[in-house]
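First the structure, in the form of C-alpha cells, and then the observations on it.
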Amino acid sequence: MSKLIEGTPLAGRVAVVTGASSGIGEATAERLAELGAKVALIARRKDRLDVLAERITKNGGTALSVPTDVTDRDAVLAAADRIDLELGTVDLVFANAGVQLISEIGDLKTEDWDAQIDLNIKGVMNTIQAFVGSLETAGGQGRSADLITTSSIAATRVLEKFQVYSGTKAYISHITRLLRTELGRKNVRVSTVEPGMVNTELPDHVTDPDASKLMADLINQIDVLRSADVAETVAFVAALPKHVNLTELTILPTAQAI
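Residue numbering for the sequence shown is -7 to 250, as defined by this note's numbering.
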C-alpha cells in the first residue's frame, strides 16, 4: 500500500499494540513507530516481539517488548504498569489480538468456543480496562487519545461456519460504539476497523477443510489486503486532528464480493 501519511505526526505519543507478533499487529506497530510514536508490543511470543522491537529500534524508532497473554487480566495490568513506567502515559491503544477457529456447529469443539471468547472478547476487555485510565488522562490533558479495536466484516456479514467468531466480532463492533458514548465526552476517540480478507496467518488456524480451502482459494484468486493496508488505516485514524473521530471503517479487497 502506498503510504498516506508523511513525517512524524505521532511524535510524542505512546502506543500499545496487542497481537503485535505477526500480521496486522506487527505491521501496525512498525508503522506507528515510523510515524514517531513510542510503541509497546504485546503478544505471547516473546521471540517474535524481541525481533520486532530490535527492527524498529534499528530503523530509528522506540519499541518495548512486553510479552503478555492478554487473556490473563493480572498480566495485562502488570504490563500496563511497566509501560507507564518505561514509556510514559499511553494515549493510543490498538486492541488487535484475536483468533479465528471455524467449522460446522456440530463439529466445533468446546475448547475452540472458549479460545475465541477468551481472546477476542475477554482479551480485548482486559486490554481496554488496563489502559482506559491512561487514555482518559491524556484526553483530559488536551492530547490526542485513541482506543482502536480490530473487528471484522464477519461482525455484520452472514458467513457460514463463522458462528462463534462472528459473534465475538459483532461484540467488538458494538462495544466500540457503546464505549464512544462514554469516552467521547472525555476527549478519547474510539474507533474500530473491520477488515475483509487479509493475507495473514489467521486463516492458518482454520481446521475445517472446506473453510480452509475457501480462504486459500480466495487468497490465490483475488488481490487480498496486506497487513500494511490495515496498518496505514489505523495510522490515519490516529493521525487525524484530535477533534475528528472516524468511528467505524470497513476495509475490503476491491474484488472481494462479500
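Even for Gly, the Cβ is constructed at its ideal location relative to N, Cα and C.
C-beta atoms of valine 85 and valine 8 nearer than 8 Å: yes
Sub-8 Å separation of leucine 93 and alanine 107 beta-carbons: yes
Range covered by the beta strand (DSSP E) that runs through lysine 38: First-last for lysine 38: 38 to 50, but that is the alpha helix (DSSP H), not the beta strand (DSSP E).
Buried versus exposed, by CB contacts within 10 Å (16 or more), serine 22: Strictly speaking, residue 22 in this sequence is glutamate, with serine absent from that position. Classification for glutamate 22: buried.
Backbone CA spacing between asparagine 179 and aspartate 110 [nearest angstrom]: 29 Å
Chain-order list of residues whose beta-carbon lies under 6 Å from that of leucine 238 (same chain, five-residue window excluded): Ser183 and Val229
Continuous beta strand (DSSP E) stretch holding phenylalanine 86: start and end: Segment 84 to 87, the beta strand (DSSP E) holding phenylalanine 86.
For asparagine 118 and valine 68, believed in contact at Cβ under 8 Å, the rounded distance: 5 Å
Proximity below 8 Å, CB of glutamate 96 to CB of lysine 153: yes
Distance between beta carbons of leucine 44 and alanine 12, contact taken as under 8 Å: 7 Å
C-beta atoms of valine 156 and proline 187 nearer than 8 Å: no
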